[in-house]
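Visitor:
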Amino acid sequence: MSVFDAAVVIGVIDKVATVRGTTDLRSRDTDARIFITRGPNRPVGFPVLLEYRNCFNMARAGQTQWLLSWLAAVSLLFNLSLSTEIGPRASWPNGPLITSGRWIQDTTGASVTYVGVNWPAASESMIPEGLQYQSISSIVTKIKSLGMNAIRLTYAIEMIDQYYENGEKDITMQKAFIEALGQTNGTAIYNKVIANNPSFNATTTRLQVFDAVAAECAKQEIYVHLDNHISKAEWCCSPFDGNSWFGDTYFDGKTWSNLMSMSLRNELRIPLSNVQLVNSYGWEDWYKYVQQGANAINSANPDLLIFLSGLDSDKDLSAIVQGTALTPGKSTFNRDDFKGYGGNKLVLELHVYENILGTPSSNCSVVTEQLFSTGFQTLNNSQATQFPLIVTEFGFPQNATTNKDPYASCLLDYFPEQHIGWMIWSIGGSYYIRQGSQDFDEEWGLVSHDWSSWRSPGFVNDLLIPAVQASTTSTNSSGNSNENDDPPAAKPSNKASSASTLSQNQAGMTLMMGFLAAIFLGSYSYVAWEFDTLYGEQFNSSEFTTIDTTLSSSGNMSNAGSEEYS
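Residue numbers (my numbering): 498 to 1063.
1) Give the C-beta separation of I648 and I640 to the nearest angstrom, bearing in mind that I take them to be a contact with Cβ-Cβ under 8 Å.
2) Can you tell me the Cα-Cα spacing of P985 and G942, whole angstroms?
3) Taking Cβ positions, are Q895 and R952 nearer each other than 9 Å?
4) Thinking V965 and V612 are a contact (beta carbons under 8 Å), I'd like their distance in whole angstroms, please.
5) Please look up how many angstroms separate the CB atoms of F891 and Y850, rounded, as I've assumed it's under 8 Å.
6) For N591 and V609, what's the separation of their Cα atoms in angstroms?
7) So what's R599 in DSSP terms, helix, strand or just coil?
8) Along the alpha helix (DSSP H) that carries F804, what are the first and last residues, could you check?
9) Using only the alpha-carbon positions, how far apart do K812 and T871 sit?
10) How big is the Cα-Cα spacing for T899 and D938?
11) Looking only at its chain, what residues have a beta carbon closer than 8 Å to the beta carbon of H848, apart from the 5 residues adjacent to it on each side?
12) What do you reckon, are the CB atoms on G826 and W780 nearer than 9 Å?
13) On the three-state DSSP scale, how would you describe V864?
14) Check whether the region 704-719 touches the region 617-637, taking contact to mean three or more Cβ pairs, one atom from each stretch, closer than 8 Å.
15) Could you have a look at D724 and say whether DSSP puts it in helix, strand or coil?
16) By DSSP, does W948 sit in helix, in strand, or in coil?
17) In whole angstroms, what is the alpha-carbon distance linking N682 and I654?
18) What is the C-beta distance between I803 and M757, in whole angstroms, given that I count them as a contact (C-beta under 8 Å)?
19) Keeping to the same chain, check which residues put their C-beta closer than 8 Å to that of Y687; ignore five residues upstream and five downstream.
20) By how many angstroms is the C-alpha of Y661 removed from the C-alpha of T702?
21) Whole angstroms is fine: what's the gap from V863's alpha carbon to T700's?
22) Which term fits S642, buried or exposed, when burial requires 16 or more other beta carbons within 10 angstroms of its beta carbon?
23) Measure the beta-carbon distance from L843 to R832 and round it to whole angstroms, keeping in mind my assumption that it falls under 8 Å.
24) Helix, strand or coil: which one does DSSP assign to S828?
25) As a quick exercise: from S934, N852, L845 and Q874, pick the residue whose alpha carbon is nearest that of D902.
26) Determine the extent of the beta strand (DSSP E) in which Q935 is found, giving its start and end residues.
27) Nearest by alpha-carbon distance to I917: which of P885, Q932, K729 and D936 is it?
28) Which residues bound the beta strand (DSSP E) around F891?
29) Is the Cβ of S870 closer than 9 Å to any Cβ of chain D?
30) Kindly list the residues whose CB is nearer than 6 Å to the CB of Y904, restricted to its own chain and excluding five residues on each side of it in sequence; keep chain order.
31) Does DSSP classify L769 as helix, strand or coil?
32) Quick one: Cα of A730 to Cα of G790, how far?
33) Can you tell me whether P625 is buried or exposed? The criterion is at least 16 other CB atoms within 10 Å of its CB, across all chains shown.
34) Let me check understanding here. Comparing Cα to Cα, which of R766, Y784, N776 and L761 lies closest to A793?
35) Please list, in chain order, all residues of the same chain as F830 whose beta carbon is under 6 Å from its beta carbon, the five residues on each side excluded.
36) Going by DSSP, what residue range makes up the beta strand (DSSP E) through A618?
Right, dumping it as structure tokens:
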């Protein structure tokens, strides 16, 4: 089944700016078009309804037969309670997710905190990285071993455009590698990928690889966040790459069971490659296009959370969280403009990269004050500007001293304290190709070049895993929020209550039923003994048959007849 069979894959584009003398990659003419696919949403995670009927007739049954029937019923009920106990686990991911104030919640009312890693898949091959070195299952297992529960899976709009331009048929993985890496190297990489992932073959498409990643993540209970990373498939990001802003040169799934959210656009930034667009770069145009994109996503799939990124490569959410004017205009962000979902489907995402263009402050207070003003303020704002916040990108060069980096320590202490979600950049130790260099080494990758081991075990063990554990476990840290600071716990609901109630009370229920049955059985035995003693000799079996038939014909005993008692 293709990723498009019942899915949503999003790409936002702007109109062709013929006045600026450039041609859009796809020659679109809409202000903002959302590439969506048609198909029913198929939410999963609903507990299986087990039905059973245990019918037995006690009329004229012997005491032993009656007892065995009762024990069978109790055994069935007890086993049913044991099987129902796994209901909450079987119902993962308890979607769709919603937002409530600063929290993301599942259908049980429990808080969900995304804690995960970026998995790049938006480079020239448009295939998730690393598969020439490891299988999908081994990579996902490595992510899960950290205790993480989410991946941010990137994609390029170019892949979606090619799908439509090819008559809604995706190209094969083999062809994609050859086009990106050349005939010789592309074929060699393809052969390595199918050797590590034997379920793939010459007919496997790029989108089927995305399917396989999502399926393995679902198997290991990892949420998938699909990120609209870039338009033209290549390394991101630069203000000169033509992917920066609405109207720039190239700026134009299947609803996986664990696809919980999607982003509108990665790292919006000033379009220095197109001076005619520079003046349009600002909050006012941002708001216009964000509304169009968010409306389209919600119309296509109302279950999904929608992540909104800010300006300055998503390092600035200030106008949203501070409620200031969306310059150069005078209006402000209003969730009511997102009709029908603004109150429970919008999430803010922030990128934290003060360590890219220099050395960040070693004073953690300075770092956190800056984070507060650019986005974290939303956590303790009034209802109008309070949203869940997820840091969808941050990271550090992975080496022998990363675990001693004060900036890394600051962020990985601060994020759990604030009860926010976060996804580190990145899992990948290498790229098929990056900026023209094949088999490019990623020094920021958590894993080694061949994706087999941790690049910086000290960082993983000393900082990363403790931060994951702290973020996925409720704490009493006050953080910035003055109200409703602790994550909400699961609430009783029809969906989960049957499982939890049975599992908690199954022993008591069984004992009580046994006690009542013993009383009933004792009474029944005594009455039967008295009846036998006093009247047993006065009635024969034919007379009982006559009585039964009479009762049946008079309507006082349904389904009682000669076949049952002969």
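Where a beta carbon is used, it is the ideal one built from N, C-alpha and C, also for glycine. Quick caveat, the model's predicted, so the values are computed rather than measured.
Guide: If we stick to the structure as given:
1) The distance from the Cβ of I648 to that of I640 is about 7 Å, consistent with a contact at the 8 Å cut-off.
2) Distance between P985 and G942, taken at the CA atoms: about 33 Å.
3) The Cβ-Cβ distance between Q895 and R952 falls below 9 Å.
4) Approximately 5 Å separates the beta-carbon atoms of V965 and V612; this is inside 8 Å, confirming the contact.
5) Indeed they touch by this definition, with Cβ atoms about 6 Å apart.
6) Rounded to the nearest angstrom, the two C-alpha atoms are 10 Å apart.
7) The answer is coil: DSSP assigns R599 none of H, G, I, E or B.
8) From DSSP, F804 is part of no alpha helix (DSSP H) but of the beta strand (DSSP E) over L802 to S806.
9) Taken atom to atom, the span from the alpha-carbon of K812 to that of T871 is near 7 Å.
10) Between the alpha carbons of T899 and D938 lies a distance of about 17 Å.
11) For H848, where only same-chain residues beyond five positions count, the Cβ hits under 8 Å are E764, S806, S810, D811, K812, V888, T889, E890 and F891.
12) In contact: G826 and W780 (Cβ atoms closer than 9 Å).
13) Reduced to three states, the DSSP call for V864 is helix.
14) At 8 Å Cβ cutoff, the stretches touch.
15) Note: D724 maps to strand in three-state DSSP.
16) Taken through DSSP and simplified to helix, strand or coil, W948 comes out as coil.
17) If I take the Cα positions, the gap works out to 25 Å.
18) Between I803 and M757 the beta-carbon gap is near 11 Å, outside 8 Å, which marks them as no contact.
19) Cβ within range, chain order: M670, Q671, F674 and I675.
20) Taking the straight line joining both Cα atoms gives about 14 Å.
21) Their Cα atoms are separated by approximately 53 Å.
22) In the assembly as shown, S642 is an exposed residue. Its beta-carbon has fewer than 16 other beta-carbons within 10 Å.
23) Going by Cβ atoms, the distance from L843 to R832 rounds to 7 Å, so yes, they are a contact pair.
24) Secondary structure of S828 (DSSP, three-state): coil.
25) Ranking the options by Cα distance to D902, first place goes to N852.
26) Taken as a continuous stretch (DSSP letters only), the beta strand (DSSP E) holding Q935 covers S934 to D938.
27) That would be P885, whose Cα lies nearest to the Cα of I917.
28) L886 to F891 is the extent of the beta strand (DSSP E) around F891.
29) No chain D is part of this structure, which consists of one protein chain only.
30) Cβ-Cβ distances below 6 Å link Y904 to N852 and P857 in the same chain, with the five nearest sequence neighbours on each side left out; the list follows chain order.
31) Three-state DSSP puts L769 in coil, outside helix and strand.
32) Annotation: A730 to G790 spans about 20 Å, alpha carbon to alpha carbon.
33) Buried is the call here.
34) Taking A793 as reference, the option from R766, Y784, N776 and L761 with the minimal CA-CA separation is L761.
35) Counting only Cβ-Cβ distances below 6 Å, and skipping sequence neighbours, we find I817.
36) It is not in any beta strand (DSSP E) - A618 carries neither H nor E in the DSSP assignment.
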